[in-house]
Structure formats: C-alpha cells, structure tokens
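Let me begin by presenting the structure, written as structure tokens, before commenting on it.
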Amino acid sequence: MEKVKEIYTNLFHNYREVLRMNASEAIDARRDEAFALFSEVGFPSDKDEKYRYCNLDEALKVDYGMNLYRMGIPAHPDDVFRCDVPSLSTRLYFIVNDLFYPSKKAVSLPEGVLCGSLNTLLKEHPEIGSFYDRLRGEDNDGLAAMNTAFVQDGFLLYVPKGVCIDKPLQLIQMFQGDIDILANRRLLIILEEGAEANLMVCDHAITSARYMSDQVTEIYVGKGANLQYYELEMTHDKTTRVANTYVSMSSDASLLMNSIGLENGLTRNNVYLRFEGRGASADLSGLELMSRNQFADNHVLVDHAVEGCSSNQLYKYVLDDAAHGVFGGKVLVRKGAQQTAAYQSNANMVGSQQARMHSLPQLEIYADDVKCSHGSATGHIDEDAMFYMRQRGLDEGEARMLLKFAFTSDVVERIHFTPLQDRIKMLIGKRFKGELSKCHDCKICP
Amino acid sequence: MSNILLEIKDLHANIGDKEILKGVNLTVNEGEIHAIMGPNGSGKSTLSAVLTGHPAYTVTSGEVWYKGKNLLEMPPEVRSREGIFLSFQYPVEIPGVSMVNFMRAAVNEHRKYRGEAPLNASEFLKLMREKKSLVELDNKLTNRSVNEGFSGGEKKRNEIFQMAMLDPTLSILDETDSGLDIDALRVVAEGVNKIQGPHKSCIVITHYQRLLDYIRPQIVHVLYKGRMVKTGDFSLATYLEQNGYDWIKQEVGE
Ligand SMILES: Nc1ncnc2c1ncn2[C@@H]1O[C@H](COP(=O)(O)OP(=O)(O)OP(=O)(O)O)[C@@H](O)[C@H]1O
Ligand SMILES: [Mg+2]
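Laid out in structure tokens, this is it:
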C-alpha cells in the first residue's frame, strides 16, 4: 500500500496549486495539516484493530481518476436521473461524483437558511468557516484526512437559530462516468439553537465503472435543535464507500439518524457522536441488506462525555450468499456522565452457509448512575415459521422473503417521516424479490 | 362405496435416527371424520407433520396417496394448495408478519394454483370479514402479527379462522381443543362443522371426548408407539374417556 500512498502524495504535491484555485479559504486552510496527518497514518489497514475485518487494499489499488480540474458533466442530473425515492420534496440537490448541482426547480427556504454548494457558500459566508473540519478532531482516520486534503466541494446546510424547515431536503449523490472515479465528498450540517431540519441523502451509482467515495460529514445539532438525518445507499458491487460522520450534540438536542443499505459493494461507515451538553438524545439505526459478495461494516462510537443524555442504537443485517457484515459499536460513558441511558442492539439474519457476520459490541463505563445495555444476536431464518407459512401455501421463497421483511421492520419503523418509510418498505420488498432497479428511469444507459 | 381421499400404507418415519412412526395404516374416505387418540408421545403430531411434509422428518418406508396422487413427492406448499390443512398443536408466532398480509399471500397462492385471478383488496377484506365471523375472531387479532402475543385460546381460534379462509379438503386438527374455554370450544367446533361438506374429510387429534361431542367422528383410532393399535366407532372414544389406555397397553402385551 506504500505505493498507492506515494501516488496520492505525489498527486497532492503536484496539484497543490490547482487545489488552491477556486477553493474557499476555509477548505484550503485545512489541507496541509490534514495531508501531514495522512502522510503519518496512511490508509486504514486491517492491522488496525478498528479495520480488522475491513480490507480496503483492493479498492484503494484501483487507478481512479480524481476530477481535480472540475470538469462538468454533459447533462444536468435533474434531467437524467430519477431517484427511487422521488417527490418527497421539491428541495432537491445533487452531487455528481464530487460536483455540486442545485435542482433546476425553484427552491424557497426560510430566511437565513443556507443550503447548497459547500465551497460557494463558504466563500460567500466566511463566518461559517469556523464550523468546517472542527469535529474530525482526535480521530486519526487516514481517509478522513485524505478527504480534507483533496476535497473541493460538497454540500452545506446551515439553519439559523429558531428556524424550522418544515419540508424535507434531499441530496442525491451519484456516480456517473465511464472511467473509474474517486470522489471526495463532504457534508457540513449545522443546526443552530432550536432549529429543525430533515435531510435525506441517497447514494447512487448510475453507470458501471469502479467508484470510490471518501466522504466526511460533520453535523452540529445545536441547543434544543432537532435533526432527522436519513441515508440510503443504492449503488452496486463495484462501488466502495467510506464515510466518516462526526456529530456534536449540544444540550437538549435531538438527533434521529437512520441509514439503509439496499445495494452496495464495499461499505464502511464510521459514526462518531459526542454529547457535549446535558439532556440530549440520539437515536441511531441502520440496516444492511446484502447478498453476492457485498460487504458492509458500520462502526459507531457514542461518547457520553456529559451527564443526562440518552442514546439508542439498533443495527440489523440480512446476509445471503457470500455477503459479509461487520458491526462495531462502542458506547463510552465518561467519568461524571451520570444519568446516562445508553442502549445498543445488533441483530443479524444469516441466510446461507457462506455468509459471515462479525459483531463487536462494546460498553465502556466510568460512571455509576447509568442505565446501559447492549445485545447482539446472529441467527438463521426461523425454520418453524417457514414451515408454518408453507403449510398455508406460500412457497419457500415467498415465506423466506416475508420473514426477512419482518426482520427489518423495527429499523424501518424508526424512520419518522412516513412517506419515506413507506417508500423504503417498498424498496426493501423489491430488493428481496430481486426487482430493485439500479438504473430506474435513467436516460444515460441505453 | 365412497371415494378414498387419503390412504396411508405401512408408513415409517424418523426424526434424526429415532423411529417415531412404525408402520401406520389409515384410510380416509371423502366425507368422513376420523379421530386419532392415544397417549402422550405416541406419534400423533408426528403423523400430522409427516402428512404435511415437515422437513425435519424423514419417511423411511411406506406410501401415502391423496386424491390418487403420491403425497410424499409434494413439497409442503403444494400439499396445502391441494387442500391439506393442519391446525397446529403449537401455532408459531411470526413477529413482523401481519395476519392480513400472510392470509392474502396464502389465499392468492391457492387461487393461483387453481388458475384463478388473485382477489382484489375489497374482495379479500370481504372474505376475511365473513370467515372471521364464522369463528367469532376478534378484529384486533387480524390487525396484529401472526399469532404474536395471542393467548393459547386465541391461537387455536386463529387456526380455524385460517382453515375457513383456505377451505381445505382434508383438515387435520391437532389438539385444537387444548387451550379453548368451554364457550370457545363450542364456537370453534361449530365453525369446523360449517366448513365441512360431503366431499371433505377431517382428522381430529384429541385427548378428550368433549371435542368429539361437537365434531362427531364416524371412526376412532388409537395410535400407540407409532402404530394404529385399535380402531372403532364413536363408542371407543367414550370407553377411553372412562377407562384410559391401560387396557390397550395390556392388549399389546405390556
Ligand atoms: N425433535 C425431536 N427429537 C427427538 N424426539 C422427538 C422430536 N420430536 C418429537 N420427538 C419424539 O417423538 C415422539 C412422538 O412425539 P409426538 O409429538 O408425535 O407425540 P404426540 O402423540 O403428538 O404427543 P402429545 O399427545 O403429547 O401431543 C415423542 O416421544 C417425542 O419425544
Ligand atoms: Mg401432539
């Protein structure tokens, strides 16, 4: 991997000036320090305990193109792409590879809300720059550092104090292009005191080269603010996604985060959530549906740094064929974080001999007045239930599908936005039936 | 003479290496109701599981003919679609699968097998309403997941509701009376009788005569240690109720 590291090192040095061109002050100011960290730690490797089951070497060795000169795509994404989760909102934004495109439809948002291209908005509102790249902090993830060194644009949502965006916002991130592409994606979400928002981020790959996204998301949920953050991955076997998400929770803030993987290649999601003020609550859930050789690894660290906060994690995996799932969840209750309530649950349904699941739940508690529990269960399809259903006339495949669907229901029910919940249920049903269209309505492929 | 619906010839079946059925013979004609009684562990539920194709059991020898077809060659779902229904001794809870979706899938699979179009939503709900009233099944139960959190009696009532929905040719009721209170027993038994018809047959597995007073069998069998050791008319059930099984055990030489 030293060789690959060298390639990116040369790329950084040779293109340092290109990266400076057009870049906002805030983004460019963080590059050199981040690059120094990348030089020091390199890429995550399976020798690193956290990446023990997640081998990125093959994915990283691909000779990807990076769009350093910001070349546009021939057609506007709004004209060529319909997400399988449509019409939830008129407030639609696109990231194609790593280029930002606003929706062509008129969008009106409450006074003071900033929503759009990260780079442009950071130029126009330099005061927001103080939020940029602050949460990566003590985490020394090489890919998050590499993202910070190379990133040129992304998505920003800023909701000022007391402002509530009633309708959901939707960001569609897609891969498109005939060559293998590496995209540095960056999301910055800031909810000031008492603000409310609902954001849905969908990842797609609409053409069939090899893709890798190296994503960093920073989320600030301000005092008493309320964020619903949904993620949906519908890419394909040749896509690698590494996403580092950093969340800061102020006092009385509440967060609902739900991430669903319907189709993917190799996915690694890291979530670092830190409670910084008392009375806050976070509900984190995820669902991975995998078959073939798909791989997904969710690592979640919930840091109860202060007292009186609650967290609740529920992660589920359905694994068929030779799919491989990993869940690493850690709850850290620091000294003095009394009256913490922290729950964590991981349940997995393994449907074949070759499928594998590694579940690594962890509790680390340094306070005494806390309510914490964690549990992990990996099992097979309930054969008694299968027989019961077949006795009523359902064939094996249909019975299996209903049981799998049932298994996913509690994660899906954590989606509090009903139209999205219904849509996700429908897509899960299609996924199990093998009817999920990756290029649904896409006009790019013939 | 009436037509033979089910014919079991010298049926042997194992679970793992253990032989449970050791040569069962039974013939059920169209329109007949048979009762199978016998001490705990004698193989009654095993027989019903083998007849419905439970994958945990292996048939080691013998034959089963149903409507003139080789039953043992059919997968469980085909046996169901061919009209065999089992009311389970222990109905299975299926969290997350709603009764409505489950029954809709089942009814439509049966229809598809017969070459009929699936029921639309309103036709299906009408059928549900009709069959629910037949066994006085509470509305709130069909809005829940299959058997999840149902009381013992509710589960049994739900089995007969499903039987009514699927309108089987051969019903096997495995201790449907256990768990039912006195009133529920009557309602459920009357429901079963309404589903029965001149070309339909029923095998009632029970330990007590009280169910047979409602669903009156023409023929009563005793299964003991994997064999049919006694067959008689209704009076056999009455005799067993009073005298238990000791005399049978003596007759077979124990
Ligand atoms: N999975 C199993 N492994 C080993 N033995 C089994 C298994 N399942 C059933 N048996 C045995 O098979 C025998 C027959 O069981 P079965 O349930 O058919 O009896 P039954 O006549 O229905 O009894 P009951 O009146 O109590 O319902 C019993 O001795 C039982 O212990
Ligand atoms: Mg039994």
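Residue numbers (numbering that gives the first Met the number 0), protein chains in the order written: chain S, 0 to 445; chain H, 0 to 253. Using N, Cα and C, we set each Cβ at its ideal position, and we do this for glycine too. Remember, it's a predicted structure, so these values are computed and weren't measured experimentally.
* To do: Can you pull the chain H residues whose beta carbon is under 8 Å from the beta carbon of D383 (chain S), in chain order?
  => Chain H residues near D383 (chain S): V91.
* Would the C-beta of T45 (chain H) count as close to ligand 1, meaning under 7 Å from any of its heavy atoms? -> Look at T45 (chain H): its beta carbon is less than 7 Å from one of the heavy atoms in ligand 1.
* Closer than 7 Å by C-beta to F160 (chain H): which residues in its own chain qualify, once you throw out the five before and the five after it? Chain order, please. => Excluding residues up to 5 positions away in sequence, K130, K131, V134, L136 lie with their Cβ nearer than 7 Å to the Cβ of F160 (chain H) in the same chain.
* To do: For V203 (chain H), write down the residues that DSSP places opposite it in a beta bridge.
  => According to DSSP, which records beta bridges pairwise, V203 (chain H) is partnered with H:A34, H:L172.
* Residues sharing a beta bridge with I94 (chain S), DSSP -> The beta-bridge partner set that DSSP reports for I94 (chain S) consists of S:F99, S:Q172.
* May I ask which residues mark the beginning and end of the beta strand (DSSP E) holding I364 (chain S)? => Boundaries of the beta strand (DSSP E) around I364 (chain S): 355–364.
* Neighbourhood of V317 (chain S) by C-beta distance below 6 Å, restricted to the same chain and skipping five residues each side -> Excluding sequence neighbours, V317 (chain S) sits near L288, M348, K403.
* Member of S:T407, S:L300, S:V332, S:L36 whose CA lies at the smallest distance from the CA of V246 (chain S) -> Out of S:T407, S:L300, S:V332, S:L36, S:L300 has the C-alpha closest to the C-alpha of V246 (chain S).
* Sort out for me which residues DSSP pairs H11 (chain H) with in a bridge. => DSSP lists H:K21, H:S60 as the bridge partner or partners of H11 (chain H).
* Less than 7 Å between the CB of Q208 (chain H) and some heavy atom of ligand 1, yes or no? -> With a cut-off of 7 Å, the C-beta of Q208 (chain H) is classified as distant from ligand 1, since no heavy atom of the ligand falls inside that distance.
* To do: Answer with buried or exposed for I178 (chain S), where buried requires no fewer than 16 other C-beta atoms within 10 angstroms of its C-beta.
  => Result: exposed.
* To do: State the start and end residues of the unbroken beta strand (DSSP E) segment that holds Y213 (chain H).
  => DSSP places Y213 (chain H) outside any beta strand (DSSP E); the residue lies instead in the alpha helix (DSSP H), whose first and last residues are 208–213.
* For Q31 (chain H), verify whether its CB is less than 7 Å away from any heavy atom of ligand 1. => Per the sequence shown, the amino acid found at residue 31 (chain H) is Glu instead of Gln. False, no ligand heavy atom lies under 7 Å from that Cβ.
* So, does the CB of Q390 (chain S) fall closer than 8 Å to a CB anywhere in chain H? -> It does: the Cβ of Q390 (chain S) has a partner Cβ on chain H nearer than 8 Å.
* To do: Within the same chain, show all residues whose beta-carbon is closer than 6 Å to that of M385 (chain S), passing over the 5 residues directly before and after it, in chain order.
  => Correct list, in chain order: A398.
* Length of the line joining the Cα atoms of V23 (chain H) and I83 (chain H) -> It is roughly 19 Å from the alpha-carbon of V23 (chain H) to the alpha-carbon of I83 (chain H).
* Flag this pair as touching only if the region 253–267 of chain S and the region 223–239 of chain S have three or more C-beta atom pairs under 8 Å; answer yes or no. => Yes, the region 253–267 of chain S is in contact with the region 223–239 of chain S.
* Nearest to V191 (chain H) by CA position, among H:R215, H:Y207, H:S177, is which residue? -> When each option's Cα is compared against that of V191 (chain H), the closest is H:R215.
* Taking all protein chains shown into account, do 16 or more other C-beta atoms lie within 10 angstroms of the C-beta of H415 (chain S), making it buried, or fewer, making it exposed? -> With fewer than 16 other Cβ atoms within 10 Å, it is exposed.
* Asked: Does Y314 (chain S) come within less than 8 Å of chain H when only Cβ atoms are used?
  -> Not one chain H Cβ lies under 8 Å of Y314 (chain S).
* Proximal residues to C53 (chain S) (C-beta, below 6 Å), its chain only, five neighbours per side dropped -> If we look at C53 (chain S) and ignore the five residues flanking it on each side, its Cβ neighbours are R267, D296.
* G152 (chain H) lies in the alpha helix (DSSP H); which residues open and close that run? -> G152 (chain H) -> alpha helix (DSSP H) spans 151–165.
* Asked: What residues from chain H crowd round A182 (chain S), counting only those whose CB sits closer than 9 Å?
  -> Those within 9 Å of A182 (chain S) in chain H number zero; the least Cβ separation is about 37 Å.
* Asked: Cβ of E287 (chain S) less than 8 Å from any chain H Cβ?
  -> At a cut-off of 8 Å between beta carbons, E287 (chain S) makes no contact with chain H.
* contact_flag[the region 219–236 of chain H, the region 18–36 of chain H] where n(CB pairs < 8 Å) is 3 or more -> Contact between the region 219–236 of chain H and the region 18–36 of chain H is present, because at least three Cβ pairs lie under 8 Å.
* To do: Return no unless some Cβ of chain S is closer than 8 Å to the Cβ of S47 (chain H).
  => Interface criterion not met: the Cβ of S47 (chain H) is under 8 Å from no Cβ in chain S.
* To do: For T147 (chain S), count neighbouring Cβ atoms within 10 angstroms of its own Cβ and tell me buried if that reaches 16, exposed if not.
  => By the neighbour-count rule (16 or more Cβ atoms within 10 Å), T147 (chain S) is buried.
* To do: Give the single residue among H:N28, H:H11, H:P75 whose Cα lies nearest to the Cα of L46 (chain H).
  => Taking each of H:N28, H:H11, H:P75 in turn and checking the Cα distance to L46 (chain H), the smallest one comes out for H:H11.
* ligand 1 heavy atoms versus the CB of I14 (chain H): any closer than 7 Å? -> Taking non-hydrogen atoms of ligand 1 into account, the C-beta of I14 (chain H) is found less than 7 Å away from one of them.
* Asked: For M20 (chain S), does the count of other Cβ atoms within 10 angstroms reach 16, so buried, or fall short, so exposed?
  -> By the Cβ neighbour-count rule, M20 (chain S) is exposed, with fewer than 16 other Cβ atoms within 10 Å of its own.
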